[in-house]
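Position one of the sequence shown corresponds to residue 1 (my numbering), numbered consecutively onward.
Every residue, glycine too, gets a C-beta built ideally from N, C-alpha and C.
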Amino acid sequence: MDLSIVIPIYNEAECVEALCQALDEALRPLSKDFEVLLIDDGSTDETPALLAKLVEKYAYLRVIRFRRNFGQTAAMSAGFHHARGEIVITMDADLQNDPADIPKLLAAMNADTDVVSGWRKDRQDPFWSRKLPSMLANGLISRITGVGLHDYGCTLKAYRRSVIQDVHLYGEMHRFIPALASWVGGRVIEVPVEHHPRRFGTSKYGLSRTVRVILDLITVKFLMRYSLGPMQMFGKIGLFFVVPSLLLFALMIGGHLSFLVFGTTLAAELVKRPFWIVSATMLMFLGVQFISMGLLAEIQIRTYHEAQDKRTYVIRECWPPVKS
Numbered sequence: 001m002d003l004s005i006v007i008p009i010y011n012e013a014e015c016v017e018a019l020c021q022a023l024d025e026a027l028r029p030l031s032k033d034f035e036v037l038l039i040d041d042g043s044t045d046e047t048p049a050l051l052a053k054l055v056e057k058y059a060y061l062r063v064i065r066f067r068r069n070f071g072q073t074a075a076m077s078a079g080f081h082h083a084r085g086e087i088v089i090t091m092d093a094d095l096q097n098d099p100a101d102i103p104k105l106l107a108a109m110n111a112d113t114d115v116v117s118g119w120r121k122d123r124q125d126p127f128w129s130r131k132l133p134s135m136l137a138n139g140l141i142s143r144i145t146g147v148g149l150h151d152y153g154c155t156l157k158a159y160r161r162s163v164i165q166d167v168h169l170y171g172e173m174h175r176f177i178p179a180l181a182s183w184v185g186g187r188v189i190e191v192p193v194e195h196h197p198r199r200f201g202t203s204k205y206g207l208s209r210t211v212r213v214i215l216d217l218i219t220v221k222f223l224m225r226y227s228l229g230p231m232q233m234f235g236k237i238g239l240f241f242v243v244p245s246l247l248l249f250a251l252m253i254g255g256h257l258s259f260l261v262f263g264t265t266l267a268a269e270l271v272k273r274p275f276w277i278v279s280a281t282m283l284m285f286l287g288v289q290f291i292s293m294g295l296l297a298e299i300q301i302r303t304y305h306e307a308q309d310k311r312t313y314v315i316r317e318c319w320p321p322v323k324s
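Written out as structure tokens, the structure reads:
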């Protein structure tokens with residue numbers, strides 16, 4: 001199989017037929033063997049019934065239905081796991097991504113490229129609620145991961161299967177796939193793509209996901225830099241607190257000595273009133289403890305899933321039936 005198209009779907013009954021029609025028009029002219037995987041992420045509207053009809057109409061269409069809503073990252077992971085194409089392309093189902101851009105991504109996927117990321121250069125979304133937060137997030141992610149992209153949030157991307165099969169996804173990490181692919185040795189480039197105004201339904205995302213993005217970004221940074229030597233990180237944090245504690249200890253000794261030699265001094269008074277110093281130190285210590293426990297938990301959950309080959313999703317059924 002040359003090409004696999006992976007599309008997560010959740011309550012997209014209004015546009016799923018138009019989506020398949022647009023995909024058919026974009027893919028049939030290509031001289032490639034291809035398949036389209038629609039991952040139904042626990043839809044509760046008429047989407048499953050429509051998908052059952054569309055499977056009969058399009059022979060290359062494959063549908064994977066989840067038992068409940070597991071999220072876009074889990075849907076992406078299922079698509080990557082079941083994809084058979086040498087090149088895997090992901091896109092949204094709401095037709096804001098244009099299937100006509102698929103040939104452009106394939107043309108950019110040369111022998112030296114492993115990931116082609118779409119860039120919604122003329123994004124058709126509200127500025128204050130969508131575009132501005134996205135610009136700030138893209139700058140932050142590019143700076144922290146070292147993989148500079150204008151648009152991490154664009155789902156329209158092409159991946160070489162040999163690279164993506166080594167990337168494991170959890171939580172909300174689908175937006176960081178280019179950075180994770182770069183971490184395993186993939187070469188990432190970016191090409192401008194079309195972005196259409198939303199014609200169907202409403203966005204499944206809002207500003208509330210900002211917190212999840214920040215926490216996942218911390219995890220990605222940790223995995224990219226310290227996963228093979230976590231002591232390099234935790235040791236630096238430990239030293240950051242050990243050095244001030246030694247200075248405070250020296251101050252206490254100096255205060256007692258000055259009291260013995262000179263009587264009441266400023267240093268001696270500070271030794272008698274350690275409340276603010278202890279409070280600030282304890283609060284910072286607790287913050288670092290919680291972050292450290294979160295990072296350790298991320299490592300443990302990955303060990304749990306990967307060592308036992310457990311998936312982050314549960315499949316209800318596949319049309320047509322395929323092996324898991």
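Could you check if Arg175 is buried or exposed, using at least 16 other CB atoms within 10 Å of its CB as the buried criterion? buried
Quick one: give me the first and last residue of the alpha helix (DSSP H) that Val55 is part of. Thr47 to Lys57
The region 7 to 17 / the region 43 to 63 touching (three or more Cβ pairs under 8 Å): Segments in contact, yes.
Cβ-Cβ separation, Ala78 to Ile87 (assumed contact under 8 Å), whole Å: Wrong, their Cβ atoms sit about 18 Å apart, outside the cutoff.
Under a three-way DSSP split, which group does Arg160 fall into? strand
Give me, in chain order, the residues of the same chain whose beta-carbon lies closer than 6 Å to that of Ile39; leave out the 5 immediate sequence neighbours on both sides. Pro8, Ile64, Ala75, Ala78 and Gly79
Under 8 Å: does the beta carbon of Leu37 sit that close to some heavy atom of the ligand ADP? Summarising the ligand content, the structure contains no ligands, and the ligand ADP is consequently not present.
How far does the alpha helix (DSSP H) with Ser134 in it extend, from its first residue to its last? Leu132 to Thr145
With 16 other CB atoms within 10 Å as the buried threshold, where does Trp128 fall? exposed
Using the C-alpha atoms, what's the distance from Val36 back to Tyr60? 6 Å
Contained beta strand (DSSP E) runs [length at least 3] in the region 56 to 124, N- to C-terminal order: 61 to 66, 87 to 90 and 115 to 119
Arg84 versus Pro48: straight-line alpha-carbon distance, rounded: Cα to Cα, Arg84 sits roughly 23 Å from Pro48.
Does DSSP put Asp40 in a helix, a strand or coil? strand
In this structure, how does DSSP classify Glu317 when only helix, strand and coil are distinguished? strand
Residue range of the alpha helix (DSSP H) that Val16 falls in? Run containing Val16: Val16 to Leu27, per the alpha helix (DSSP H) assignment.
Taking contact to mean 3 or more Cβ pairs, one atom from each stretch, closer than 8 Å, check whether the region 112 to 128 and the region 149 to 157 are in contact. With a cut-off of 8 Å, the region 149 to 157 and the region 112 to 128 count as touching, because enough Cβ pairs lie within range.
Please list the terminal residues of the continuous beta strand (DSSP E) segment that includes Ser4. Leu3 to Ile9
Would you tell me roughly how many angstroms separate the C-alpha atoms of Pro29 and Ala18, rounded to the nearest one? 18 Å
If I'm right that Ala93 touches Ala26 with Cβ under 8 Å, what's the distance once you round it to whole angstroms? About 14 Å separates the two Cβ atoms, so there is no contact after all.
Start-to-end residues for the alpha helix (DSSP H) that takes in Pro178: Ile177 to Trp183
Under a Cβ-count criterion, where at least 16 other Cβ atoms within 10 Å of its own Cβ denotes burial, should Asp166 be classed as buried or exposed? exposed
Can you tell me the Cβ-Cβ gap for His168 and Gln124, rounded? I've got them flagged as a contact below 8 Å. The pair is not a contact, with the Cβ atoms about 33 Å apart (cut-off 8 Å).
Could you pull out every residue in the same chain whose Cβ sits closer than 6 Å to the Cβ of Glu317, ignoring the five residues on either side in sequence? Arg65
How is the beta strand (DSSP E) around Val193 delimited, first residue to last? Val193 -> no beta strand (DSSP E), and no H or E assigned at all.
For Ile189, which beta-bridge partners are listed by DSSP? Looking at the DSSP output, Ile189 shares a beta bridge with Val116.
Roughly how many angstroms lie between the CA atoms of Lys157 and Ser4, to the nearest whole one? 12 Å
What residues match up with Phe34 in a beta bridge as DSSP calls it? Leu3
Measure the C-alpha to C-alpha separation of Phe285 and Ser182 and round it to an integer number of angstroms. 33 Å
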